[in-house]
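These notes are about the structure you will find just below.
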Amino acid sequence: MNFPAKLDDIRVDAPDAPAHVPKDVIVDIGFASGGVPNDLVDPYEPFEWLNGQDIPRLLYNAPSGMGAMAAAAGGGMSNGNWVAAHYEDIDRIYCDNEHFSNKGTAEFQRLIGETFPSIPLGLDPPEHTKYRMFLTQFLGPSTITRIMEPRIRETLDEMIGEIADKGEVDMAWDFARVFPVRIFMSMMGFPKEMFDDFLEWEWNILHSNSLEKMQWALRNVLAFLRGFIAEKEKNPDDELTSKIIHGTTQGRKFTEDEKIGMVWFLWLGGLDTVAATISQMYRRMAMQPEIQTMLRGHPELTNGAVDEFLRTQPILNTGRRALKDFEWHGMQIKAGDSFTALNVAGNFDATRFANPREFDPTRRGNRHFTLVGGVHSCLGGHLARRELRLLLDMWFARIPEFRVKPGADTTVFPGLMSIRNLPLVWDVK
Ligand code: HEM
73 MNFPAKLDDI RVDAPDAPAH VPKDVIVDIG FASGGVPNDL VDPYEPFEWL NGQDIPRLLY
133 NAPSGMGAMA AAAGGGMSNG NWVAAHYEDI DRIYCDNEHF SNKGTAEFQR LIGETFPSIP
193 LGLDPPEHTK YRMFLTQFLG PSTITRIMEP RIRETLDEMI GEIADKGEVD MAWDFARVFP
253 VRIFMSMMGF PKEMFDDFLE WEWNILHSNS LEKMQWALRN VLAFLRGFIA EKEKNPDDEL
313 TSKIIHGTTQ GRKFTEDEKI GMVWFLWLGG LDTVAATISQ MYRRMAMQPE IQTMLRGHPE
373 LTNGAVDEFL RTQPILNTGR RALKDFEWHG MQIKAGDSFT ALNVAGNFDA TRFANPREFD
433 PTRRGNRHFT LVGGVHSCLG GHLARRELRL LLDMWFARIP EFRVKPGADT TVFPGLMSIR
493 NLPLVWDVK
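The sequence shown begins at 73 in this note's numbering and counts up one residue at a time.
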């Protein structure tokens, strides 16, 4: 795959772009949105030049014509969107709540006429704050240690035990796709038998690019979640869905819209994000075995390694909308304009990270954007990090050096779709 390598390669004419956008910054940034596969050890390398010193600080992605689907996802790509690829600018987009809004993000449910918001992601402070505070008590480090760590260990023990003596596994399909979803479903109290349906619905919502399929999946998942909430209203248990729907905020119970808004967004955010990360993490280690050797020899580096895997594999670019008119880097920004923060470039900005393409678990102050930053920083981050850390520890304890099965395809979509199959092999004694 030949990726564009300079600004002229991505400049396009876009007669329908808004009049306040200068023509010379209009581009097609589609190649950096995770939809184009490649086979590089560092699959994010083709986007590096986008935050070069010679590149305008704001580009404008041409209107895509994706219309309703993209608007529901919060990208607002139907009218095009400003694109930031430099670390400092992405940081501002996430942290400056006076100029940038997340209202309406990830509201796929609008495609079937639903009006409840995605909570907490689709709300701005101060409205966002009370939900964030409420949910944090269930997803903070001490709760993860007390409630989730024993389940993570048990699941990993079982799953690694099943494969250790076989000498091979399809890491993406049979392991990464399964392990975090099992943990997430157990945390929420969802019935195990929904596993295949959940993954099928989620895939159709996030990756099918078909309005019809998205609507079909949305109807199914929301009908299931509403039925499940109704059941837990009557018969609560100790898991997260019950805690949410029987919870209170500011001395009152949650409304039906608030309950479905929280449970729905957790469902959407919690299912395949860790899976995509694990697949890419193992692909990188299999293709660069010196990382395995380093981590096996130095277990004290595992925490740093988890964040370095996250930094070097930013599976999502995220969006915001301008709240008011303002000027930025010489551009006139209008209220309502959409922004895309290119984490796939910002995480490798040399002005912030020394030797940005190097995998360095000893890196200090590794404040990357994979779990975003600011008020919407990923609420599942503690769970995700714990899953990844325990996976590395328990895997290295039982499985020797592994490599990609000879002849296997190592193509990766550097994004949420990631890798469908990743056959790995190791020597069994
Ligand atoms: C490595 C795995 C994960 C990645 C890369 C990831 C990524 C993200 C990103 C990029 C955002 C912010 C989106 C934005 O600002 O527009 C986010 C927010 C969020 N994530 Fe995650 N996520 C991961 C795992 C999880 C898990 C396992 C859960 C559920 C348990 C979860 C729940 C959430 C929630 C609730 C928010 C919204 C926070 C808020 O708006 O205050 N995430 N995540």
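Using N, Cα and C, we set each Cβ at its ideal position, and we do this for glycine too.
Item	Value
What residue ranges within the segment 389 to 439 form continuous alpha helix (DSSP H) runs of no fewer than 4 residues, ordered along the chain?	415 to 418
Specify the secondary structure class of residue 74 as computed by DSSP and reduced to three states.	coil
Does the ligand HEM have even one heavy atom less than 7 Å from the beta-carbon of residue 422?	no
Please state whether DSSP places residue 87 in a helix, a strand or coil.	coil
For residue 359 and residue 482, which I take to be in contact (beta-carbon distance under 8 Å), what is that distance rounded to the nearest angstrom?	7 Å
Run through the segment 264 to 314 for me and flag every whole alpha helix (DSSP H) of 4 or more residues, listed as ranges in chain order.	267 to 279, 283 to 306
What residue from 407, 432, 452, 354 has the CA that sits closest to residue 475's CA?	354
Which residue comes first and which comes last in the beta strand (DSSP E) that contains residue 242?	240 to 242
Rounding to the nearest angstrom, what Cα-Cα distance links residue 447 and residue 348 in this structure?	24 Å
Taking the continuous beta strand (DSSP E) assigned at residue 496, which residues delimit it?	495 to 498
To the nearest angstrom, how far is it from the Cα of residue 425 to the Cα of residue 419?	8 Å
Does residue 362 have its Cβ less than 8 Å from a Cβ in chain D?	Considering every chain present, this structure includes no chain D. It has just one protein chain.
So does residue 290 have its beta carbon nearer than 7 Å to some heavy atom of the ligand HEM?	no
For residue 116, does the three-state DSSP call read helix, strand or coil?	coil
When every heavy atom of the ligand HEM is checked, does at least one fall within less than 7 Å of the C-beta of residue 450?	yes
From residue 469 to residue 452, what does the alpha carbon distance come to, in whole angstroms?	26 Å
Where DSSP assigns a beta bridge to residue 132, which residues make up the other side?	98, 154
Is the segment 312 to 325 touching the segment 176 to 187 in the sense that three or more CB pairs, one from each, lie closer than 8 Å?	no
Would you say residue 200 touches the ligand HEM, meaning its beta carbon is less than 7 Å from a heavy atom?	yes
What runs of the beta strand (DSSP E), each 3 residues or longer, lie entirely inside the segment 197 to 245?	240 to 242
For residue 166 and residue 101, what's the separation of their Cα atoms in angstroms?	20 Å
Quick check on the DSSP output: the beta strand (DSSP E) that includes residue 253 runs from which residue to which?	First-last for residue 253: 251 to 260, but that is the alpha helix (DSSP H), not the beta strand (DSSP E).
State the Cα-Cα distance for the pair residue 467 and residue 229, rounded to the nearest angstrom.	9 Å
Residue 458: which of 294, 335, 212, 391 sits nearest, CA to CA?	212
Would you please state the rounded distance, in angstroms, between the beta carbons of residue 427 and residue 390? I believe it to be under 8 Å.	About 25 Å; that fails the 8 Å criterion.
Taking 7 Å as the cut-off, is the beta-carbon of residue 297 closer than that to any non-hydrogen atom of the ligand HEM?	no
If you compare alpha carbons, which of 128, 126, 127, 103 is closest to residue 117?	103
Considering only C-alpha positions, which residue in the set 480, 496, 456 is nearest to residue 256?	456
Helix, strand or coil for residue 175? Go by DSSP, reduced to three states.	coil
Using 7 Å as the cut-off, classify the Cβ of residue 174 as near or not near the heavy atoms of the ligand HEM, replying yes or no.	yes
Which residues does DSSP pair with residue 110 in a beta bridge?	484
In terms of residue numbering, what span does the alpha helix (DSSP H) encompassing residue 247 cover?	Segment: none, residue 247 is in no alpha helix (DSSP H) and carries neither H nor E.
Does the segment 238 to 251 touch the segment 486 to 497, meaning 3 or more C-beta pairs lie closer than 8 Å?	yes
Given that a residue counts as buried once 16 or more other Cβ atoms are within 10 Å of its Cβ, and exposed if not, what is residue 371?	exposed
By DSSP, does residue 93 sit in helix, in strand, or in coil?	coil
Tell me, please, whether the segment 392 to 411 touches the segment 79 to 97 by the rule of three or more beta-carbon pairs shorter than 8 Å.	yes
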